[in-house]
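> Supplied in structure tokens, the structure appears directly below.
2 protein chains.
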Amino acid sequence: MNFCSHCGGPVRLEVPAGDNRPRHVCERCGAIHYHNPKVVVGCIPEWEDRILLCRRAIEPKYGLWTLPAGFMENGETTAEGAARETLEEAGARVDILDLYSMISLPDINQVYLVFRAKLLHLDFTHGEESLEARLFAEQEIPWEDMAFRTIHRTLMHYYADRRNGSYALHVSDIFHKPR
Amino acid sequence: MNFCSHCGGPVRLEVPAGDNRPRHVCERCGAIHYHNPKVVVGCIPEWEDRILLCRRAIEPKYGLWTLPAGFMENGETTAEGAARETLEEAGARVDILDLYSMISLPDINQVYLVFRAKLLHLDFTHGEESLEARLFAEQEIPWEDMAFRTIHRTLMHYYADRRNGSYALHVSDIFHKPR
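First to last, the protein sequences are chains A and B.
Residue numbers are given in numbering that gives the first Met the number 0: position 42 of the first sequence equals residue 41, and the series is strictly consecutive.
Residue numbers are given in numbering that gives the first Met the number 0: position 151 of the second sequence equals residue 150, and the series is strictly consecutive.
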């Protein structure tokens, strides 16, 4: 951030009065600009014993597999965002079920929220951001070609829980830098 | 948003290529500026059969009661954010336990994440943003003087679950406009 999005004046990093960390503060109008983590919402669309994965047509991770997921937008609930991403990336309508995985990624300022979901039809297709979308049985999951550690971890929990016959929320963190 | 935070040029609302909703796009450098929901992290600090509430010293809702909670910051996990807010608002150290409540507020672009937590000491105080912090038994909870619907709802679930002897994650939404 170099300029104030409100007045166009220059900004500098300083700790505002009553605050305890540096913020971008406008030297002209005094506006304080906060930057906060983004939420990534997605789901595990289930059809009998198979789940829907999408192969990415965009960077990062072009060509690798993932669950339908993306940045939550203003004006929607977490479940609505997860359903919207599934429609956009896989042309698939789902009923969103329980929250299944919440993963904080503090070094890239993201929080993943992945729900279980019921896939409602088989005539899905793929959107512009996917090369293909298809159903996988557990033994077909392309574990080594997963786009993201969040998705890999979520699916590892998923199949372990399925073998145990009960699904529980999994909350965890992924760090990219040593602490 | 009136100006590009990158180059200081004017921005206009338009739907970028490959996108499906209006974004602030810089007329000079072409930067696309996204605006996404913010996460509010907090906790229910428990000490035996009582919980810790704070009375707000700032607007909005000056003088009303709430759980320690606030905007998640870059560089932290959801649990770290909840613990930090508790330290800032109530001078209290906690061990964060399970996620207990997730509430989407799509009309104000927020997602609340409230954890159960174990309060670690009784010599807490209150920070600059609180008038006081104190422990409440269930029959003392100031239900009519709660600052936020999210907190009121979370505590209603909490005491209902406690009577039933088992706590479960509660996911819900609060709308401010008709749909």
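Don't be surprised by glycine CBs; every beta carbon is placed ideally from N, CA and C.
Since the model is a prediction, treat every value here as computed from it, not as a measurement.
Please list, in chain order, all residues of the same chain as Gln109 (chain A) whose beta carbon is under 7 Å from its beta carbon, the five residues on each side excluded.
Contacts found: Pro36, Lys37, Val39.
> I want to verify the contact list: residues of chain A whose CB lies under 8 Å from the CB of Phe70 (chain B), in sequence order.
Chain A residues near Phe70 (chain B): Tyr33, Asn35.
> Residues of chain B with a CB under 7 Å from the CB of Val110 (chain A): which are they?
In chain order: Val38, Thr77.
> Hey, Asn1 (chain A) and Gly7 (chain B): beta-carbon distance below 8 Å or not?
Going by C-beta atoms, Asn1 (chain A) is nearer than 8 Å to Gly7 (chain B).
> Which whole-angstrom value is the C-beta distance of Leu119 (chain A) and Asp97 (chain A), which I expect to be below 8 Å?
Leu119 (chain A) to Asp97 (chain A), Cβ: 17 Å. No contact.
> Could you check which residue in A:Met101, A:Leu154, A:Glu87 has the C-alpha nearest to that of Thr124 (chain A)?
When each option's Cα is compared against that of Thr124 (chain A), the closest is A:Glu87.
> Is there a Cβ from chain B that is less than 8 Å from the Cβ of Pro59 (chain A)?
Chain B, which has no Cβ nearer than 8 Å to the Cβ of Pro59 (chain A), makes this no.
> Quick one: measure Cβ to Cβ for Glu127 (chain A) and Gly29 (chain B), integer angstroms, because I've assumed they're closer than 8 Å.
About 20 Å; that fails the 8 Å criterion.
> According to the neighbour-count rule (16 or more other Cβ atoms, all chains shown, within 10 Å of its Cβ), is Arg148 (chain A) buried or exposed?
So Arg148 (chain A) ends up on the exposed side.
> Consider the Cβ of Ala94 (chain A): report whether some Cβ of chain B lies at a distance smaller than 8 Å.
Residue 94 (chain A) is actually Asp in this sequence, not Ala. No, no contact with chain B.
> Let me see if you follow: with CB-CB separation under 8 Å, is Gly90 (chain A) close to chain B or not?
With 8 Å as the cut-off, Gly90 (chain A) does not count as an interface residue toward chain B.
> Tell me which residues share the same chain as Pro9 (chain A) and place their Cβ nearer than 6 Å to its Cβ, disregarding the 5 neighbours each side in the sequence.
For Pro9 (chain A), where only same-chain residues beyond five positions count, the Cβ hits under 6 Å are Glu26.
> Kindly indicate if chain B contains any beta-carbon less than 8 Å away from that of Phe147 (chain A).
So, not an interface residue.
> Can a CB atom of chain B be found closer than 8 Å to the CB of Gly126 (chain A)?
By this cut-off, Gly126 (chain A) is not an interface position.
> How many angstroms separate the CA atom of Gly62 (chain A) from the CA atom of Gln138 (chain A)?
Near 20 Å, if we compare the C-alpha coordinates of Gln138 (chain A) and Gly62 (chain A).
> Leaving out five residues before and five after Ala136 (chain A) in sequence, what residues of the same chain have Cβ atoms less than 8 Å from its Cβ?
Within the same chain, Ala136 (chain A) has close Cβ partners Asp48, Arg49.
> List, in order along the chain, the chain A residues whose C-beta lies closer than 7 Å to that of Cys3 (chain B)?
Those are Phe2, listed as they occur along chain A.
> Enumerate, from N- to C-terminal direction, the unbroken beta strand (DSSP E) stretches of 3 or more residues contained entirely within the segment 87–137 of chain A.
Taking only runs of at least 3 residues, the beta strand (DSSP E) segments lying wholly in the segment 87–137 of chain A are 93–104, 109–118, 129–135.
> Going by C-alpha distance, which of B:Pro105, B:Glu75, B:Phe174 is nearest Ile107 (chain A)?
The shortest Cα separation from Ile107 (chain A) among B:Pro105, B:Glu75, B:Phe174 belongs to B:Glu75.
> At a Cβ cut of 9 Å, what residues of the segment 13–31 of chain A count as close to chain B, listed as they run along the chain?
Listed by position, the residues of the segment 13–31 of chain A near chain B (Cβ gap below 9 Å) are Gly17, Asn19, Arg20, His23.
> Say whether chain A places a C-beta atom closer than 8 Å to the C-beta of Leu168 (chain B).
Output row for Leu168 (chain B): interface = yes.
> Val170 (chain B) and Ile71 (chain B) - do their beta-carbons sit closer together than 8 Å?
Strictly speaking, residue 71 (chain B) in this sequence is Met, with Ile absent from that position. In this structure, Val170 (chain B) does not lie closer than 8 Å to Met71 (chain B) by Cβ.
> Taking the straight line between their C-alpha atoms, what separation do you get for Ser165 (chain B) and Gly80 (chain A)?
Going from the Cα of Ser165 (chain B) to the Cα of Gly80 (chain A) covers about 29 Å.
> Looking only at its own chain, which residues have a Cβ that is under 8 Å from the Cβ of Pro59 (chain A), when we skip the five neighbours before and after it?
Ala146, listed in sequence order.
> Quick one: Cα of His175 (chain B) to Cα of Thr77 (chain A), how far?
Taking the straight line joining both Cα atoms gives about 16 Å.
> Please give the ranges of any alpha helix (DSSP H) in the segment 6–46 of chain A, keeping only runs that are unbroken, at least 4 residues long and fully inside the region.
Qualifying alpha helix (DSSP H) stretches: none in this window.
> In the DSSP assignment, find the alpha helix (DSSP H) that holds Leu154 (chain A) and state where it starts and stops.
Residues 148–163.
> Listing by chain order, which chain B residues have their CB less than 9 Å from the CB of Met155 (chain A)?
None at all; the shortest Cβ gap to chain B is about 20 Å.
> From the DSSP output, which residues share a beta bridge with Trp64 (chain A)?
Answer is A:Arg54, A:Met145.
> Which value, in whole angstroms, describes the spacing of the CA atoms of Tyr53 (chain B) and Gly90 (chain B)?
According to the sequence shown, residue 53 (chain B) is Cys rather than Tyr. Going from the Cα of Cys53 (chain B) to the Cα of Gly90 (chain B) covers about 10 Å.
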